[in-house]
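A short worksheet on the structure shown next.
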Amino acid sequence: MTDRIIVVSNRLPLKVSKNDSEYIYTKTSGGLVTGLSGAQDSLNFTWIGSLEGVPDEDQLKVKNDCISKYKYNPIFIKDDLYDKYYNNLCNGVLWPLLHSFNDLTQFSIEDYIAYKQVNVQFANEVLSILQDGDIIWVHDYHLMILPELIRQGTDKSIKIGYFLHIPFPSYDILKGFPILYPLINGVLGSDLVAFHTFEYLSNFKNSSEICESENISKMTVIKNTRSIKLEALPIGISPELFKNESLKEETIKRAQEIKKQLGNKKIVLGIDRVDYIKGIPHRIKAFNKLLQDNKDVSEGVVFCQVGVPSRTDVKVYAALSSVLCKLSGSVNSTGSIEDTSVYFINNSVTFSELCALYSVSDVCVVSSLRDGMNLVALEFIACTGTGVLIMSEYAGAAGMLTESVYSNPWDIKELSRMYKVSLGMSDRERREKREGMQKVVFKFTAEHWANRNISLLRDM
Numbered sequence: 000m001t002d003r004i005i006v007v008s009n010r011l012p013l014k015v016s017k018n019d020s021e022y023i024y025t026k027t028s029g030g031l032v033t034g035l036s037g038a039q040d041s042l043n044f045t046w047i048g049s050l051e052g053v054p055d056e057d058q059l060k061v062k063n064d065c066i067s068k069y070k071y072n073p074i075f076i077k078d079d080l081y082d083k084y085y086n087n088l089c090n091g092v093l094w095p096l097l098h099s100f101n102d103l104t105q106f107s108i109e110d111y112i113a114y115k116q117v118n119v120q121f122a123n124e125v126l127s128i129l130q131d132g133d134i135i136w137v138h139d140y141h142l143m144i145l146p147e148l149i150r151q152g153t154d155k156s157i158k159i160g161y162f163l164h165i166p167f168p169s170y171d172i173l174k175g176f177p178i179l180y181p182l183i184n185g186v187l188g189s190d191l192v193a194f195h196t197f198e199y200l201s202n203f204k205n206s207s208e209i210c211e212s213e214n215i216s217k218m219t220v221i222k223n224t225r226s227i228k229l230e231a232l233p234i235g236i237s238p239e240l241f242k243n244e245s246l247k248e249e250t251i252k253r254a255q256e257i258k259k260q261l262g263n264k265k266i267v268l269g270i271d272r273v274d275y276i277k278g279i280p281h282r283i284k285a286f287n288k289l290l291q292d293n294k295d296v297s298e299g300v301v302f303c304q305v306g307v308p309s310r311t312d313v314k315v316y317a318a319l320s321s322v323l324c325k326l327s328g329s330v331n332s333t334g335s336i337e338d339t340s341v342y343f344i345n346n347s348v349t350f351s352e353l354c355a356l357y358s359v360s361d362v363c364v365v366s367s368l369r370d371g372m373n374l375v376a377l378e379f380i381a382c383t384g385t386g387v388l389i390m391s392e393y394a395g396a397a398g399m400l401t402e403s404v405y406s407n408p409w410d411i412k413e414l415s416r417m418y419k420v421s422l423g424m425s426d427r428e429r430r431e432k433r434e435g436m437q438k439v440v441f442k443f444t445a446e447h448w449a450n451r452n453i454s455l456l457r458d459m
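Under numbering that gives the first Met the number 0, the first residue of the sequence shown is numbered 0, with each subsequent residue one higher.
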């Protein structure tokens with residue numbers, strides 16, 4: 000019997016490049032990486048995920064390198080298969096569907112066949128190294144049928160956990176979707192199924208009951224006499240990283256430079272991947288309404304939106320960047336020649352720059368139309384500064400950050416009003432709100448989230 004954790008995600012937290020004849024490996028960051036980094040010294044874990052950019056003839060060498068150096072087991076997926084699985088089915092169907100944008104889905108049985116083939120490839124890799132006592136922790140919508148594939152492929156004594164990092168919508172959104180049953184059935188191959196919020200848990204439970212599992216309690220379902228535990232476990236961040244970076248002398252200096260460059264005006268900040276779920280057009284339109292309706296405010300405030308390019312191979316994402324550029328230009332065209340009201344940065348920024356922006360901003364707006372969690376909100380609160388957080392009621396983090404200023408991003412008039420309220424908030428109220436939220440962010444960290452998931456699986 001082992002106490003090993005096998006983490007399975009779409010991609011490994013690793014990038015590989017070749018310099019002459021040598022391969023160079025660079026670790027990448029992310030919520031899951033952060034969560035495990037603090038606990039990995041005390042955990043025996045292996046990570047399975049896909050790795051891109053390795054020619055067929057070098058794959059064995061790269062795999063051996065990854066296993067020996069990092070305990071990473073890479074999976075190499077053919078480009079055309081990965082495109083159908085990842086771009087078409089995962090991000091063209093499951094992503095919009097699970098975020099309640101089912102009108103954007105373009106389902107093809109050919110893409111679902113590719114999805115199954117990739118999940119089978121993952122299952123075969125897991126089964127090839129599986130030992131009695133292993134805990135398998137599967138992540139996200141890319142691998143929804145994987146738990147059941149693993150369950151069917153072994154009689155070893157194992158535990159399987161599944162965590163969905165995005166929302167799970169109500170059955171009214173999902174009904175009629177051609178592959179709903181196999182997706183639900185796949186997830187129910189787990190022993191533990193966890194979500195960011197109780198709302199997502201409840202929605203999944205309702206759908207699972209319709210798809211023939213039995214309900215015995217609010218937090219448990221039965222499938223084929225096997226009990227599956229459901230949990231709401233919101234992910235966190237490593238807040239000390241953001242706090243410490245924002246306290247560095249060079250970050251403080253950069254924050255002062257940003258303030259000066261923007262004319263010493265108040266700053267409303269948005270930080271997002273360019274994605275239709277983030278409600279970026281809505282927040283820009285609301286800011287424009289603020290300027291038009293409040294001439295006394297308009298000359299003393301600017302809007303700064305960092306839009307990190309994302310999934311540019313998917314048409315709707317590429318089109319959105321163009322829309323945001325035009326919308327920003329339209330707002331700016333209503334002002335004077337020397338004034339710019341909206342700054343749209345269609346690029347990523349360094350960690351230091353990010354923390355400087357968080358620290359110097361008077362307001363940070365999270366206007367997600369639907370969002371699994373939204374870690375930007377937590378990052379903003381973790382940094383030093385006195386800014387107010389405007390929080391969409393449709394983001395998972397809204398349930399954690401109860402001292403934020405709530406807003407419905409679909410209501411442009413209301414969001415505009417929340418800008419004015421936040422910009423005019425007293426220093427005392429700003430401080431009290433931030434202090435309350437900081438206690439939450441610094442308690443429920445990414446490491447806490449990872450340890451809680453693993454502890455539940457070990458105790459089952």
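We put the beta carbon where it would ideally sit given N, CA and C, even for glycine.
Compare the beta carbon distance of residue i and residue j with 8 Å and say whether it is the shorter of the two.
i	j	result
residue 320	residue 365	no
residue 114	residue 84	yes
residue 411	residue 231	no
residue 515	residue 383	It is not possible to answer for residue 515, since the shown part of the chain is limited to 0 through 459.
residue 359	residue 302	no
residue 393	residue 415	no
residue 381	residue 236	yes
residue 315	residue 275	yes
residue 387	residue 325	no
residue 147	residue 184	yes
residue 165	residue 111	no
residue 282	residue 269	yes
residue 128	residue 160	no
residue 194	residue 96	no
residue 45	residue 130	no
residue 369	residue 99	yes
residue 313	residue 91	yes
Between residue i and the rest of its own chain, which residues show a CB-CB distance below 6 Å, the 5 nearest in sequence each way excluded?
i	result
residue 455	191
residue 396	372, 373, 376
Identify whether residue i lies in helix, strand or coil by the three-state DSSP scheme.
i	result
residue 250	helix
residue 476	Residue 476 lies beyond the range of the chain shown here (0 to 459); nothing can be said about it.
residue 25	strand
residue 33	helix
residue 303	strand
residue 371	coil
residue 363	strand
residue 264	coil
residue 393	coil
residue 56	helix
residue 44	strand
residue 18	strand
residue 77	coil
residue 236	coil
residue 157	coil
residue 442	helix
residue 426	helix
residue 273	coil
residue 220	strand
On the criterion of 16 or more Cβ atoms from any shown chain inside 10 Å, does residue i qualify as buried, or is it exposed?
i	result
residue 353	buried
residue 298	exposed
residue 54	exposed
residue 249	exposed
residue 247	exposed
residue 430	exposed
residue 63	exposed
residue 19	exposed
residue 445	buried
residue 310	buried
residue 202	buried
residue 304	buried
Provide the residue span of the alpha helix (DSSP H) that contains residue i, from first to last.
i	result
residue 409	Per DSSP, residue 409 belongs to no alpha helix (DSSP H) and is neither H nor E.
residue 172	170-173
residue 295	294-297
Leaving out five residues before and five after residue i in sequence, what residues of the same chain have Cβ atoms less than 7 Å from its Cβ?
i	result
residue 422	265, 296, 300, 361, 362
residue 119	148
residue 439	399, 400
Leaving aside the five residues before and after residue i along the sequence, list all residues of the same chain whose C-beta is less than 8 Å from its C-beta, in chain order.
i	result
residue 28	12
Just reading off the beta strand (DSSP E) that residue i is part of, what are its end residues?
i	result
residue 323	Element bounds for residue 323: not the beta strand (DSSP E) but the alpha helix (DSSP H), 314-331.
residue 73	71-74
residue 85	Note, residue 85: premise wrong, no beta strand (DSSP E); not H, not E.
residue 343	341-344
residue 8	3-10
residue 138	134-138
residue 225	225-231
residue 191	191-194
Any heavy atom of the ligand MG inside 7 Å of the beta-carbon of residue i?
i	result
residue 204	Among the components of this structure there are no ligands whatsoever, and the ligand MG is therefore not found.
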